[in-house]
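In the numbering used here, the protein residues as written are 319 to 505. Using N, Cα and C, we set each Cβ at its ideal position, and we do this for glycine too.
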């Protein structure tokens with residue numbers, strides 16, 4: 319998040335909002351309206367907690383502790399130029415072997431492509447919407463393949479074996495179910 323998009327993390331409701339902004343994060347909260355605290359001063363928040371003690375201090379302390387634990391686990395602070403020194407982008411391609419059943423589903427998901435042209439080497443550019451090709455079915459099928467989920471788990475385990483505190487961000491297209499598939503594989 320940039321400066322304009324970073325929510326203030328001054329309450330459990332704000333942490334819930336941040337978690338939801340990150341996508342595919344399901345956190346149960348007591349807030350009915352996340353943005354309410356944006357308009358409140360510290361004094362208003364204090365008076366709200368003092369005058370409406372729906373929760374005991376012990377419960378609030380536990381809620382805040384869990385929120386802090388979530389932040390430590392799931393969030394990274396933006397880094398400045400100096401902090402970026404020594405950090406390099408490494409790209410790694412992992413080939414995934416499909417089962418026979420997954421291979422058949424892969425070929426059948428190439429909706430609109432003539433059966434003679436369906437192949438394992440097809441590219442997204444080969445899909446032409448004006449010719450009736452439906453790439454969304456193809457992408458959804460690929461996102462939910464078990465072999466891809468297993469490979470993702472293996473990659474994460476490999477990263478974490480060197481440093482268990484490493485934060486891993488998995489980017490997946492939510493429009494085709496990629497985020498749900500990644501979450502299900504990693505649970």
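*Alpha carbon to alpha carbon, how far is residue 408 from residue 344? Give it in angstroms, no decimals.*
Unreliable positioning characterises residue 344 in this predicted model, as indicated by a pLDDT of 43, which lies under 50. A coordinate reading is not provided.
_Pair within 8 Å by beta-carbon distance, residue 495 and residue 458_ = yes
*Note down, in chain order, each residue of its chain lying with its Cβ closer than 6 Å to the Cβ of residue 447, except the 5 sequence neighbours on either side.*
none
*Relative to the C-alpha of residue 450, which residue among 418, 473, 428 and 492 is closest?*
428
*Where do the ends of the alpha helix (DSSP H) carrying residue 459 lie?*
453-461
_Pull the bridge partners of residue 553 from the DSSP assignment, please._
With the chain covering 319 to 505 only, the question about residue 553 has no answer from this structure.
*Where residue 429 sits in the DSSP three-state scheme*: strand
*Using a threshold of 8 Å, state whether the C-beta atoms of residue 500 and residue 490 are closer than that.*
yes
*Taking just the CA atoms, how far does residue 421 sit from residue 401?*
44 Å
*Flag this pair as yes or no: are the beta carbons of residue 413 and residue 465 separated by less than 8 Å?*
no
_Residue of 483, 488, 480 and 460 minimising C-alpha distance to residue 471_ = 488
*Helix, strand or coil: which one does DSSP assign to residue 494?*
helix
*If you compare alpha carbons, which of 417, 445 and 399 is closest to residue 468?*
417
*Apart from the five residues just before and just after residue 478, which ones in its own chain have a Cβ nearer than 8 Å to its Cβ?*
484 and 486
_For a test of the three-state rule: what should DSSP assign to residue 446, helix, strand or coil?_
coil
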